[in-house]
Amino acid sequence: MLDLLAAGAAGSAPPAWLQFLPIIGMVAIFWFLIIRPQMKRQKDHQTKIAGVKKGDQVVTAGGILAKVVRVDDDSAEVEIAQGVRVRVVKSTLGDILPPGGKPAND
């Protein structure tokens, strides 16, 4: 008699994979709404910074407007004022300004 009750209770339980469905759904939501867009922005930024060249107007991560004087593999020398040159790590460049804007060192 007890075996029949136990078998009936076990047979009505939902499959085990259904218990993981909400967790899988949350992971998918995080992936498509947070992780994937952030990875795309990071890739776009790395591509943009890899293409920096002499004469570009840039903004550093610290908010300093500068003009690129020389570019190396990992760093760039920028002019932040007339005759004031600073060497910065390329990954700290925040953005490249479009041409035609106000010069950084004027």
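The sequence shown begins at 1001 in the numbering used here and counts up by one.
All residues carry an ideal CB built from backbone N, CA and C; glycine is no exception.
Ordered along the chain, which non-local residues of its own chain (more than five positions away) have a Cβ less than 8 Å from that of residue i?
| i | result |
| --- | --- |
| residue 1048 | 1095, 1096 |
Would you grab the beta carbon distance between residue i and residue j for me? Rounded to a whole angstrom, and I think it's under 8 Å.
| i | j | result |
| --- | --- | --- |
| residue 1066 | residue 1052 | Rounded, the Cβ-Cβ distance is 11 Å, inconsistent with contact. |
| residue 1084 | residue 1076 | Contact flag wrong, Cβ pair sits at about 15 Å. |
| residue 1070 | residue 1054 | 6 Å |
Name the DSSP beta bridge partners of residue i, please?
| i | result |
| --- | --- |
| residue 1096 | 1058 |
| residue 1075 | 1089 |
| residue 1070 | 1077 |
| residue 997 | This structure leaves residue 997 out entirely; the chain is present only between 1001 and 1106. |
Over the uninterrupted beta strand (DSSP E) stretch that includes residue i, give me the two end residues.
| i | result |
| --- | --- |
| residue 1089 | 1084-1089 |
Under 7 Å Cβ to Cβ from residue i, same chain only, skipping five residues before and after it: list those, please.
| i | result |
| --- | --- |
| residue 1088 | 1060, 1075, 1076, 1078 |
| residue 1092 | 1060, 1061 |
| residue 1109 | Only positions 1001 to 1106 of the chain appear in the structure, and residue 1109 is not among them; the question remains open. |
Do you know whose CA, among the options, lies nearest residue i's CA?
| i | options | result |
| --- | --- | --- |
| residue 1072 | 1044, 1090, 1056 | 1090 |
| residue 1098 | 1063, 1058, 1026 | 1058 |
Tell me where the alpha helix (DSSP H) around residue i begins and ends.
| i | result |
| --- | --- |
| residue 1050 | 1036-1050 |
| residue 1017 | 1017-1030 |
Chain C beta carbons: is any one of them nearer than 8 Å to that of residue i?
| i | result |
| --- | --- |
| residue 1051 | Absent from the structure is chain C; it holds one protein chain and no more. |
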